[in-house]
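Inspection log for the structure reproduced underneath, given as structure tokens.
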Amino acid sequence: MKLPGQEEFDVSSAYENVPTGELVSGPGSGPSSDGSSDTDSRELGVPKDPLLFIQLNELLGWPEALKWRETGRWVLFEEKLEVGAGRWSAPHVPTLALPSLQQLRSLLAEGLVLLDCPAQSLLELVEQVTRLESLSLELRGQLQSLLLQRPQHLIQTTSTRPCWRSADPRQAFHDEEAPLKEQCQNPLRQKLPPGAEAGAVLAGELGFLAQPLGAFVRLQDPVVLGSLIEVPLPSRFFCLFLGPPTLGRSYHEMGRAVAILLSDPQFQWSARRASNLHDLLAALDAFLEDVIVLPPHRWDPTARMPPPKCLPSQHKRLPSQMREVKDLSARRGAPAEDKHGHPPHAPSPELRRTGRLFGGLVQDVRRKASWYPSDFLDALHPQCFSAVLYIYLATITNAITFGGLLGEATDGAQGVLESFLGTAVAGAAFCLMAGQPLTILSSTGPVLVFERLLFSFSRDYSLDYLPFRLWVGIWVATFCLVLVATEASVLVRYFTRFTEEGFCALISLIFIYDAVSKMLSLTRAYPIQGPGSPAYGCFCQYPDSGGNESQWIRTKPKDSDDIISMDLGLVNASLLPPPECARRGGRPRGPGCHTVPDIALFSLLLFLTSFLFAMALKHVKTSRFFPSMMRKVLSDFSSVLAILLGCGLDAFLGLATPKLMVPREFKKGAGFHLDLFCVAMLMLLTSVLGLPWYVSTTVISLAHMDSLRRESRACAPGEAPSFLGIR
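And the structure:
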């Protein structure tokens, strides 16, 4: 079936003379929550329809004072007005009773359907809707006066109190075409993309009507209908459902039904292109074919289902007209689709072979040159300040952690100071020269394992570790240069999600293993004490034969034969716990006498406290506590805040837990292609200087880019913001 004007649309020229970037990143072209409607339209060569905002105004107050009140709104999901609370509900998946859809179909079949209505104002629209032979002149005038009344809108401004906006019925005709001030200041307007349109649905019970009145209007040109919609958007659809109070017929539910239909992308696509009532009813029947019915008394109809994070593809629900366009594009030589119905993805220019030696490196340098000034200018944005602070703290904590582990693995040949200096040198040089400067270089778990194995190998074969490591670094740098010269980085396009998850799992296991191993080593160095055990760090002072309190005997740790005499005293004296020391006339002295510290147990408690606190802060981002900005900050800095909490508790209690040993002096021992080239040069440099090796770290690099991500402010309630890029 051909729709009017479809013959004039040429699929082959649908994207002609359109810049490549506009198809993906133009206004309002971000991915929808189902990830299908926009993609389907672009892939099939079908013009993309504007986003539709639907609002339900319900007639209340019969038979006393009649008034219109906005009770529901839709973009992708439904929001209901909670009158008692003075707020909108959270976006949720709408549910409908099946009879409401059947009653809607009957009313549309018997009612007024105007497609491509030429009305240019609300007054003209109301006159055309009420121009029915079944209505008397008096009844027509009453309806027109009622339909021109300004409705009540709950506009939630930035202030703490919601704003109810309504007008006196006597002022119904006063400047009804001009949007109100509150409409222009509605925060919802910022969430809707440019070019968005509106659909108005009016429903309610009206006692002076003898029979139901139904109307479905599609305006030829979208028009701003004054204060009818809470957001001053041009309206494309206007639906009216009024009638006498009748048992078993809910005009409110019929209004919700048509609003839900208009919020469905497939029905909306058909409604925009329908040429007669038959096309409109066919679209409604197609919607009914995909409706899932829940049995009664098996679920709670008042329960609200939250929006799903991911919706299945809508390819199977394509209207027949869209399938014809799809078949036409296939006959014109469009690329074959995969088994999911998606076209094959062509490799990006960065991952195409040039066929020349170092050709990829040259192309990377040329691409980088045009963006080099913006790498510095973009840093002036306020968003970058929090990112810099976050990455600084994350890199510092990572350098401390790996520096300590590296010093332990290499017997002090490398440590925290070397880790700090190497992080500064490698990180600064990479950010200044690399093609992807947001990648963070740092020590990683696999590198630590390799350093440990390299040190063990050099010790077993009586080799000097640092000179041997220098030659290993030269060899690795040579291999990296060979990979750059042969453009081996283009193989990245064949990497799958499995590869990434495998490396992430390996790094996570290494971190977990090192943490558990460190805790177990503490239990061996500082055994957990039982009742009556000698206190570590406790001294027993008692008078000698001359009555002078000069002899100090330090109680020994468990499983230790060392007896420490702090003064000339009885070396062979028995080692006394604090209670025994006091019983024999001595005085226990030292920090561990009165509060027997269990260093291993306390370290374990600090470990668990820091971990649980960090996990709790990480999940704050998806909770309902605090403003969204505070939730994001707490989630981003969860690890740093947990470390500060653990260190603060340790310092406050003043216990002798093992600290990181940092030497006071420093000792020296004997785009993809561009990034790999920089890594090769830095590998060579750090090997010469005897510094730790640095490669791109997955977790910190992704966190860095996530802190600088740009998201669209124009997103429907309940819809995830669209990703716009990295600042």
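Residue numbers (this note's numbering): 34 to 760.
Yeah, the Cβ is synthetic: ideal placement off N, Cα and C, and Gly gets one too.
Residue i classed as buried or exposed, judged by whether at least 16 other C-beta atoms fall within 10 angstroms
i	result
residue 287	buried
residue 532	exposed
residue 494	exposed
residue 680	exposed
residue 739	exposed
residue 477	buried
residue 332	exposed
residue 549	exposed
residue 302	buried
residue 317	buried
residue 300	buried
residue 755	buried
residue 414	exposed
residue 330	exposed
residue 541	exposed
residue 335	exposed
residue 399	exposed
residue 170	exposed
residue 546	exposed
residue 569	For residue 569, the predicted structure reports a pLDDT of 45, less than 50, and the residue's modelled location is therefore unreliable. The matter cannot be settled from this model.
residue 491	buried
residue 500	exposed
residue 588	Its pLDDT being 41, under 50, residue 588 is placed unreliably by the model, and nothing is read from it.
residue 224	buried
Paired residues, beta bridge with residue i - DSSP
i	result
residue 276	238
residue 742	759
residue 90	103, 235
residue 729	474
residue 85	230
residue 185	102
residue 338	126
Integer-rounded CB distance, given that residue j should sit under 8 Å from residue i
i	j	result
residue 672	residue 647	5 Å
residue 99	residue 92	6 Å
residue 664	residue 651	In fact, because the Cβ distance is near 11 Å, the residues do not count as touching under 8 Å.
residue 326	residue 131	6 Å
residue 89	residue 234	5 Å
residue 466	residue 217	That pair is no contact at about 49 Å.
residue 314	residue 304	Rounded, the Cβ-Cβ distance is 11 Å, inconsistent with contact.
residue 722	residue 701	7 Å
residue 498	residue 488	6 Å
residue 428	residue 676	Actually they are not in contact, since the Cβ atoms of residue 428 and residue 676 sit about 13 Å apart, beyond 8 Å.
residue 238	residue 255	Between residue 255 and residue 238 the Cβ distance is about 29 Å, and since that is not below 8 Å, they are no contact.
residue 384	residue 526	5 Å
residue 181	residue 155	7 Å
residue 522	residue 730	Actually they are not in contact, since the Cβ atoms of residue 522 and residue 730 sit about 18 Å apart, beyond 8 Å.
residue 102	residue 185	4 Å
residue 236	residue 284	4 Å
residue 410	residue 713	Not confirmed; about 29 Å, so no contact.
heavy atom of the ligand GTP below 6 Å from residue i C-beta
i	result
residue 739	The ligand GTP is not part of this structure, which contains no ligands at all.
Cβ contact check for the region 233-249 and the region 268-284: 3 or more pairs under 8 Å: yes
If we require 4 or more residues per run, which alpha helix (DSSP H) segments fall completely within the region 101-171? 131-143, 155-162
Only counting runs of 4 or more residues, tell me where the alpha helix (DSSP H) segments fall wholly within the region 470-524, in order along the chain. 478-493, 498-518
Okay, do the region 720-734 and the region 505-521 touch, 3+ Cβ pairs below 8 Å being the bar? yes
Cβ contact (3+ pairs, closer than 8 Å) linking the region 301-318 and the region 104-112: no
Alpha helix (DSSP H) runs contained entirely in the region 408-475, provided each spans 4 or more residues: 415-442, 449-466
Any chance the region 634-641 sits against the region 549-556, with 3 or more Cβ pairs inside 8 Å? yes
Note down, one range per segment and in chain order, each beta strand (DSSP E) of at least 3 residues found wholly within the region 238-320. 246-257, 267-276
Any chance the region 256-264 sits against the region 112-124, with 3 or more Cβ pairs inside 8 Å? no
Any contact between the region 434-441 and the region 406-425? By contact I mean 3 or more CB pairs, one from each, below 8 Å. no
Runs of alpha helix (DSSP H) wholly within the region 635-667 (minimum 4 residues, chain order): none
Let me know the beta strand (DSSP E) ranges lying completely inside the region 534-563, each 3 residues or longer, listed in chain order. none
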